[in-house]
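Sequence positions in the sequence shown follow mature numbering (1 follows the signal peptide of the UniProt record, and there is no 0) and run -23 to -1, 1 to 323.
Note that beta-carbon positions come from the ideal geometry of N, C-alpha and C, so glycine has one too.
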Amino acid sequence: MNPHATPMMVLSLILGTTITISSNHWVMAWTGLEINTLAIIPLIAKSHHPRAVEAATKYFLTQAAASALVLFSSMMNAWATGQWDILQMNHPTSCMLLTAAIAIKLGLVPFHFWFPEVMQGSPLMTALLLSTIMKFPPLTLLLLTSKSLNTTLLTAMALASAALGGWMGLNQTQTRKIMAFSSISHLGWIAVILVYSPKLALITFYLYVIMTSAVFLALNKIKALKLSTILTSWTKTPVLNATLMLILLSLAGLPPMTGFLPKWLIVQELTKQEMAPTATAIAMLSLLSLFFYLRLAYHATITLPPNSSNHMKQWYTSKGPSTFTAILASLSILLLPLSPMIHAII
């Protein structure tokens, strides 16, 4: 790929995201989503590997279908109410269609099938973009229309996402697929609270972005695409590996780390809304995710397979972790003391 193409694609991603999150009109929001889709496709297919081309094709087809549904639902709403304003989504059928369209874009169950495959076919840094910045515009549309959405449908999709994200991640050996199912599971937590406390859903998303970015940057540093690579990486970057273990435990939601904060607040808010059974179910389902995060952390720091001395002495000339990775790792582990302040905001 031309060296000038990547910055152009990244700028297009920023432009598309900005247009969507700042628009009041459905057509402008749809335009931003389309710019985002077209900008990320070359980054997915950059390696020209058949797997990458397949991932780009799958991504294009699913996102095109979702964008068509967004446009269709907004047109139905405009036909019924005479309004193109995003905040005036009042038509019940339009709300159902919009929820389905955004679920396809986010990768919520039962529209999740494309996401792990696309993540597996993408380079690590593109997978990071797919897991974080590409989720922001559709999530913004859900937040803006949260007052009109079907609560029962969203809760059912959220619980299914938390269950399937944890269940499917158990037997994975590819790091990108593990992170894909982790993303589906976290989106379940965001979706379950979205109608009741949009601010808390947004804070949960921000913390998820920080933790996921730290994990991907660490995996990219040690070039870990499979669990077997993580097993031997401690010989090259012992400090980064120990930090990676802590970030993964934070992503799992273990106290006293950052990842515990959003889960704690969500369970508390659900209990306030008299949804104790939902809170109990989603808390129990997070144990599935906890298992594969623990397995990743175990691989990162504790186990070492039998291997020859030649295999252990790999060339490793790269410098240490970047300052940005260090900042993200610190935020991923140490933000729990801010919980009183965050609780006051929401």
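Item to check | proline -21 versus Thr206, Lys23, Leu247, Trp3, residue with shortest Cα-Cα distance | outcome: Closest by alpha carbon: Lys23.
Item to check | histidine 276 burial status per 10 Å Cβ neighbour count (16 or more: buried) | outcome: buried
Checklist entry - Can you give the Cα-Cα distance for alanine 178 and leucine 242, rounded to whole angstroms? => result 10 Å
Checklist entry - In whole angstroms, what is the alpha-carbon distance linking alanine 133 and methionine 252? => result 13 Å
Next on the checklist: According to DSSP, is histidine 25 part of a helix, a strand, or is it coil?
Outcome noted: coil
Item to check | Residues near valine 192 in its chain [Cβ-Cβ closer than 6 Å; skip 5 each side] | outcome: Ile224
Checklist entry - With C-beta atoms as the reference, is asparagine 218 less than 7 Å away from serine 210? => result yes
Item to check | Inter-stretch contact at 8 Å, needing at least 3 Cβ pairs: the segment 156 to 172 / the segment 124 to 140 | outcome: yes
Checklist entry - Which same chain residues, not among the five before or five after leucine 273, have their C-beta less than 6 Å away from its C-beta? => result Leu225
Next on the checklist: For lysine 200 and glycine 143, I'd like the C-alpha separation in whole angstroms.
Outcome noted: Their Cα atoms are separated by approximately 24 Å.
Next on the checklist: So, at 7 Å on beta carbons, what are the nonlocal neighbours of methionine 222 in its own chain, with the 5 sequence-adjacent residues on each side left out?
Outcome noted: Ala274, Ala277, Thr278
Next on the checklist: So, with DSSP's three-state summary, where would you put lysine 203?
Outcome noted: strand
Next on the checklist: I believe threonine 235 touches serine 227 by the beta-carbon criterion, under 8 Å. Please report the beta-carbon distance rounded to the nearest angstrom.
Outcome noted: Going by Cβ atoms, the distance from threonine 235 to serine 227 rounds to 5 Å, so yes, they are a contact pair.
Checklist entry - Hey, quick one: how far does the alpha helix (DSSP H) through tyrosine 185 stretch, first residue to last? => result 175 to 198
Next on the checklist: What residue range does the alpha helix (DSSP H) around residue 377 cover?
Outcome noted: Residue 377 falls outside the range modelled here, since the chain spans only -23 to 323, and no answer is possible.
Next on the checklist: Quick check: what's the CA-CA separation for leucine 147 versus aspartate 62?
Outcome noted: 43 Å
Checklist entry - Is it buried or exposed for glutamine 149, if we count other Cβ within 10 angstroms and need 16 for buried? => result buried
Checklist entry - For leucine 116, which of Pro317, Thr(-6), Ser316, Gln60 has the nearest alpha-carbon? => result Thr(-6)
Checklist entry - Closest by CA to alanine 78, which one among Leu262, Ala42, Met(-15), Thr189? => result Ala42
Next on the checklist: List, from N- to C-terminal side, the alpha helix (DSSP H) runs of 4 residues or more that fit wholly inside the segment 52 to 125.
Outcome noted: 69 to 83, 91 to 98, 101 to 108, 113 to 121
Item to check | Per-residue DSSP class, three states only, for glutamine 151 | outcome: strand
Checklist entry - Between alanine 32 and methionine -15, is the Cβ-Cβ spacing less than 7 Å? => result no
Item to check | Among Pro239, Met53, Asn67, Thr(-18), the one whose alpha carbon lies nearest that of leucine 184 | outcome: Pro239
Next on the checklist: Considering only their Cβ atoms, is the gap separating leucine 164 from leucine 105 smaller than 7 Å?
Outcome noted: Taking the C-beta atoms as reference points, leucine 164 is found no nearer than 7 Å to leucine 105.
Item to check | Burial state of phenylalanine 301, where buried means 16 or more other Cβ atoms lie within 10 Å | outcome: exposed
Checklist entry - How long is the line joining the alpha carbons of phenylalanine 37 and serine 263, rounded to whole angstroms? => result Using only the alpha carbons, I get a separation of about 31 Å.
Item to check | Cβ-based burial, alanine 57 [other Cβ within 10 Å; buried from 16] | outcome: exposed
Item to check | Element boundaries [alpha helix (DSSP H), containing valine 2] | outcome: Checking the sequence, you will find histidine at residue 2 rather than valine. From DSSP, histidine 2 is part of no alpha helix (DSSP H); its letter is neither H nor E.
Item to check | Where leucine 242 falls: helix, strand or coil (DSSP) | outcome: Here leucine 242 carries a helix assignment [DSSP, helix/strand/coil].
Checklist entry - Which residues mark the beginning and the end of the alpha helix (DSSP H) in which proline 317 is found? => result 316 to 322
Item to check | Cα-Cα separation between lysine 124 and alanine 303, rounded to whole angstroms | outcome: 39 Å
Checklist entry - Nearest to threonine 103 by alpha carbon, out of Ser309, Ile207, Ala29, Ser51? => result Ala29
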